[in-house]
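Numbering (my numbering), first residue to last: 46 to 255.
We treat Cβ as the ideally placed atom computed from N, Cα and C, and that holds for glycine.
Structure, as structure tokens:
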Ligand SMILES: Nc1ncnc2c1ncn2[C@@H]1O[C@H](COP(=O)(O)OP(=O)(O)OP(=O)(O)O)[C@@H](O)[C@H]1O
Ligand SMILES: [Mg+2]
């Protein structure tokens, strides 16, 4: 069972867009996917309803998420993708999601302000790991998003973040109209986007059906 948490305590970094696309990638690959909207703002759930997604979606914006999740998932799903809120006051929800995670994906733009806020998120991952009874640490990867073609910032921040000891996925998600306008629309051919390459690198063989 893959439990992929999309997290970044900074707002507007592309969490909901990323969670939506990766959930569709796994769905298109044949996995039974549940998208959990852990953000009290409810953007992912609203998107799912408005666009009538084929991906099962539910709201679970609670600091007890890790305790409630197993009962909701049962044996009905192969993969769970969790969209999390930004902001320090919802940190309890983010930590609860991180306690349940097998994998954590941190979407961020290669920019000074997003890099400056990265320790808040990696710190939350450390806190959650300390709280886990099994002591398990999820696999953590950074996904560079909103990148500008041929801009040097992508390579510069990749190198800086890798030097800090974090895994940065090979593929980056470009700053594209496709994503800027995606909210509220159905998601088609997600498996042909950079998000599929990201899932292939992050999950490797752990995805059940292709
Ligand atoms: N690759 C991209 N290219 C262009 N625009 C993007 C891209 N990814 C996300 N966006 C846009 O950036 C904005 C923020 O994205 P999104 O809502 O996914 O971020 P978020 O981290 O979930 O925000 P919040 O912290 O408020 O929950 C949205 O307008 C979205 O359409
Ligand atoms: Mg969001």
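- Between residue 243 and residue 174, the C-beta gap is not smaller than 9 Å, which leaves the two residues out of contact.
- The C-beta of residue 127 has 16 or more other C-beta atoms within 10 Å across all chains shown, which makes the residue buried.
- In terms of CA proximity to residue 104, 83 leads the group 112, 83 and 94.
- Here residue 99 is exposed, its C-beta having fewer than 16 other C-beta atoms within 10 Å.
- Within 10 angstroms of the beta-carbon of residue 179 lie fewer than 16 other beta-carbons, which makes it exposed.
- Between the segment 106-124 and the segment 68-87, the count of Cβ pairs shorter than 8 Å is three or higher; the stretches touch.
- DSSP links residue 192 through a beta bridge to 219.
- Counting along the chain, the unbroken beta strand (DSSP E) around residue 48 starts and ends at 47-51.
- For residue 128, the uninterrupted beta strand (DSSP E) run begins and ends at 124-128, by DSSP.
- If you keep only unbroken beta strand (DSSP E) runs of at least 3 residues inside the segment 79-146, you get 101-104 and 124-128.
- In this structure, residue 224 lies away from residue 155, with their beta-carbon atoms at least 9 Å apart.
- Here the alpha carbon of residue 147 sits roughly 12 Å from the alpha carbon of residue 170.
- Collapsing the DSSP output to three states places residue 184 in a strand.
- Secondary structure note for residue 152: its beta strand (DSSP E) is the uninterrupted segment 148-153.
- Across the set 47, 51 and 246, the C-alpha of 51 shows the shortest separation from the C-alpha of residue 139.
- Taking non-hydrogen atoms of ligand 2 into account, the C-beta of residue 88 is found less than 8 Å away from one of them.
- Distances from the alpha-carbon of residue 61 to those of 232, 247 and 236 put 232 closest.
- In the DSSP assignment, residue 160 falls within the alpha helix (DSSP H) that extends over 157-161.
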